[in-house]
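Peer 1:
So this is what it looks like as structure tokens:
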């Protein structure tokens, strides 16, 4: 069972009106694999992630097929997509600070994704959040902070915590290191590698940093 | 224990609350009947019996100022509530829906925004005929546009925020998005604008009354009272100064409250 593919993308093509953003995208990754997509800016790297995440806007048209865990998720209904989002597929954003609502604490927002899927008590949530925070070298007090108070590295780790809280099978990471300095970049990369070791999660990551790609990837996909 | 930055807010809330309570219970607080005339005691300067003196018909000015608070403050707050809710709702719908709905509603608001607010209100109140209700209606007709603009712009910005995508990726449903992300993020700026607007609206309503387009005699309304006493400013100044001071104090309290509210709601401070 362990060799079964967690994600398979077949002949993916995305159009905005007449505008073709990507075409002939084919790849698959196995459980626990780190798959890196590289390519020039504006090449449609993020579009691939958004197609998998179901975050493409209403104007976009998706052709081809995306299989997650053996199930076709290309054009899911909104309620089916909600069941997957967070619980099975999670996302780490490029600017993690902005991926948190500015007027609520980090903890309250992470609890929101928990409440959408599980009936954990607040204590249960905090216990699990603290455990993950410890694993990714994040001060647990971050849960009580507002997003603007966090440094870039802390925000990115908080983003990883938010993505990992429900222990999803697949993490989509959209240039998670591009807004960070070299030292912080390295530590975030290390935490992502650790996630796989500790939780066995598969990661699809978009980056334009070839060093990061070479260091992390089991497989690199170059977008032309 | 209350954080120090909240203390001034509490003070302003208490002051504004006291004003609203006075407005609500005005009929029970007046020392004299604000409508009873006593021509022999007309234009008595402030004294122990009539703390703020009497007007040209011998009516107790203090009683009329207290009674006037009911008309002025209640009408202003009601008007503000109507334009804030309707304006924000229209703006939010435009922001979320876009397309033809957005175009029609926003071009309509552009038409209203092309007029200077007070000039439009005077024209509308004049066309509708005098009276407090018509004056408020005239102000409401043009007042909603500001809130529609603000909330539409806010919703458009929020829609594109990464945290909306993040919320979607967290499995939050559309009601949750509205309650947790859209409304709280537009509520702050809209509420602060509303709080800062209370003063302006009180002045505009009083202004229309002052021009004879608002409250009709013998209704005690601060702007109308000032208009009635205008010619006596040099001989019996208390008739004008008392309602004038009432407007000044009320507007100041609500403006300070709005300012403080803006500071508090801005979490970045």
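Residue numbers (the working numbering), protein chains in the order written: chain U, 17 to 240; chain G, 25 to 293.
Beta carbons: idealized from backbone N, C-alpha and C, even for Gly.
Fair warning: this is a prediction, and the values are worked out from it, not measured in the lab.
Let me know the secondary structure DSSP gives residue 23 of chain U once reduced to three states.
Peer 2: Residue 23 of chain U: strand per DSSP, three-state reduction.
Peer 1: If the cut-off is 8 Å on Cβ atoms, which residues from the region 178-196 of chain G count as contacting chain U, listed in chain order?
Peer 2: Of all residues in the region 178-196 of chain G, 185, 186, 187, 189, 190, 191, 192, 193, 194, 195 and 196 have a Cβ within less than 8 Å of some Cβ in chain U.
Peer 1: Which residue comes first and which comes last in the beta strand (DSSP E) that contains residue 239 of chain U?
Peer 2: Per DSSP, residue 239 of chain U belongs to the beta strand (DSSP E) from 235-239.
Peer 1: Report the rounded CA-to-CA distance for residue 219 of chain U versus residue 147 of chain U, giving the unit in angstroms.
Peer 2: Roughly 20 Å separates the two Cα atoms.
Peer 1: Could you give the C-beta distance for residue 163 of chain G and residue 229 of chain G, rounded to a whole number, given that I count them as a contact under 8 Å?
Peer 2: The Cβ separation is near 7 Å, so the contact holds.
Peer 1: Contact criterion: CB-CB distance below 8 Å. Does residue 209 of chain G meet it with respect to chain U?
Peer 2: Judged by the 8 Å Cβ criterion, residue 209 of chain G is in contact with chain U.
Peer 1: How is residue 31 of chain G classed by DSSP in three states: helix, strand or coil?
Peer 2: The answer is helix: DSSP assigns residue 31 of chain G an H, G or I state.
Peer 1: Return the chain-ordered ranges of every beta strand (DSSP E) run that is complete within the region 160-186 of chain U and spans a minimum of 3 residues.
Peer 2: If we require 3 residues or more, the region 160-186 of chain U turns out to have no beta strand (DSSP E) run fully inside it.
Peer 1: Run the proximity test for residue 137 of chain U: is its beta-carbon closer than 7 Å to any non-hydrogen atom belonging to the ligand NAP?
Peer 2: Ligands are entirely absent from the displayed structure, and the ligand NAP is therefore not among its contents.
Peer 1: Taking 8 Å as the threshold (beta carbon to beta carbon), is residue 114 of chain U in contact with chain G?
Peer 2: Judged by the 8 Å Cβ criterion, residue 114 of chain U is in contact with chain G.
Peer 1: Closest Cβ-Cβ distance between residue 233 of chain G and chain U: below 8 Å?
Peer 2: No - not a single Cβ of chain U is within 8 Å of the one on residue 233 of chain G.
Peer 1: Using a C-beta to C-beta distance shorter than 8 Å, which residues of chain G count as neighbours of residue 128 of chain U?
Peer 2: Ordered by position in chain G, the residues that pass the 8 Å Cβ test against residue 128 of chain U are 191, 194, 196, 200 and 204.
Peer 1: With distances taken between CB atoms, is the gap from residue 171 of chain U to residue 184 of chain U smaller than 8 Å?
Peer 2: Cβ distance not < 8 Å, so residue 171 of chain U and residue 184 of chain U don't count as in contact.
Peer 1: Whole angstroms are fine: how far does the CA of residue 216 of chain G sit from the CA of residue 33 of chain G?
Peer 2: Near 13 Å, if we compare the C-alpha coordinates of residue 216 of chain G and residue 33 of chain G.
Peer 1: What residue range is occupied by the uninterrupted alpha helix (DSSP H) comprising residue 77 of chain U?
Peer 2: Counting along the chain, residue 77 of chain U falls outside any alpha helix (DSSP H), though it belongs to the beta strand (DSSP E) covering 76-84.
Peer 1: Spatial neighbours of residue 51 of chain U within its chain, please: C-beta separation below 6 Å, excluding the five flanking residues on both sides.
Peer 2: Once the five neighbours on either side are set aside, the close Cβ partners of residue 51 of chain U are 45, 220 and 235.
Peer 1: Relative to the alpha-carbon of residue 68 of chain G, which residue among G/62, G/78, G/61 and G/59 has its alpha-carbon at the smallest distance?
Peer 2: The residue with the shortest Cα to Cα distance from residue 68 of chain G is G/78.
Peer 1: Just to confirm the assignment, what range does the alpha helix (DSSP H) spanning residue 79 of chain G have?
Peer 2: From DSSP, residue 79 of chain G is part of no alpha helix (DSSP H); its letter is neither H nor E.
Peer 1: What residues in its chain sit with their C-beta under 7 Å from that of residue 60 of chain G, if we drop five residues either side in the sequence?
Peer 2: Within the same chain, residue 60 of chain G has close Cβ partners 83.
Peer 1: Mapping the DSSP letters down to three states, classify residue 32 of chain U as helix, strand or coil.
Peer 2: The answer is strand: DSSP assigns residue 32 of chain U an E or B state.
Peer 1: Taking Cβ-Cβ distances shorter than 8 Å, what residues in chain G pair up with residue 174 of chain U?
Peer 2: Simply none; closest approach about 11 Å.
Peer 1: Should residue 205 of chain G go down as buried or exposed, given a rule of 16 or more other Cβ atoms within 10 Å for buried?
Peer 2: Label assigned to residue 205 of chain G: buried.
Peer 1: Do you know offhand how far residue 118 of chain U's Cα is from residue 186 of chain G's?
Peer 2: Taking the straight line joining both Cα atoms gives about 11 Å.
Peer 1: As an exercise, report each continuous alpha helix (DSSP H) stretch of at least 4 residues that is fully enclosed by the region 235-275 of chain G, in chain order.
Peer 2: The region 235-275 of chain G contains these whole alpha helix (DSSP H) runs: 246-253.
Peer 1: Which term fits residue 61 of chain U, buried or exposed, when burial requires 16 or more other beta carbons within 10 angstroms of its beta carbon?
Peer 2: Buried is the call here.
Peer 1: Identify whether residue 209 of chain U lies in helix, strand or coil by the three-state DSSP scheme.
Peer 2: Of the three classes helix, strand and coil, the one that applies to residue 209 of chain U here is helix, per DSSP.
Peer 1: Which bits of chain G does residue 98 of chain U rub up against, with CB to CB less than 7 Å?
Peer 2: 195 and 197, listed in chain order.
Peer 1: What are the boundary residues of the alpha helix (DSSP H) that includes residue 52 of chain G?
Peer 2: Here the alpha helix (DSSP H) through residue 52 of chain G covers 50-53.
Peer 1: Are the CB atoms of residue 123 of chain G and residue 172 of chain G nearer to each other than 8 Å?
Peer 2: It is not a contact, given that the beta carbons lie outside the stated cut-off.
Peer 1: Which one of U/67, U/205, U/43 and U/57 has the shortest CA to CA distance from residue 32 of chain U?
Peer 2: Among U/67, U/205, U/43 and U/57, the Cα nearest to that of residue 32 of chain U is on U/67.
Peer 1: Helix, strand or coil for residue 173 of chain G? Go by DSSP, reduced to three states.
Peer 2: Reduced to three states, the DSSP call for residue 173 of chain G is helix.
Peer 1: For residue 93 of chain G and residue 43 of chain G, what's the separation of their Cα atoms in angstroms?
Peer 2: Cα-Cα distance, rounded: 8 Å.
Peer 1: What is the rounded straight-line gap between the Cα of residue 270 of chain G and the Cα of residue 135 of chain G?
Peer 2: The alpha-carbon atoms of residue 270 of chain G and residue 135 of chain G are separated by roughly 35 Å.
Peer 1: By alpha-carbon positions, which one of G/117, G/39, G/47 and G/40 ends up nearest to residue 210 of chain G?
Peer 2: Here the closest residue by C-alpha is G/117.
Peer 1: Under a CB-based cut-off of 8 Å, is residue 177 of chain U close to chain G?
Peer 2: No, its Cβ sits nowhere closer than 8 Å to a Cβ of chain G.
Peer 1: Can you list, in chain order, the stretches of the beta strand (DSSP E) that have 3 or more residues and sit fully within the region 85-112 of chain U?
Peer 2: Entirely contained in the region 85-112 of chain U, the beta strand (DSSP E) runs reaching 3 residues are, in chain order, 105-108.
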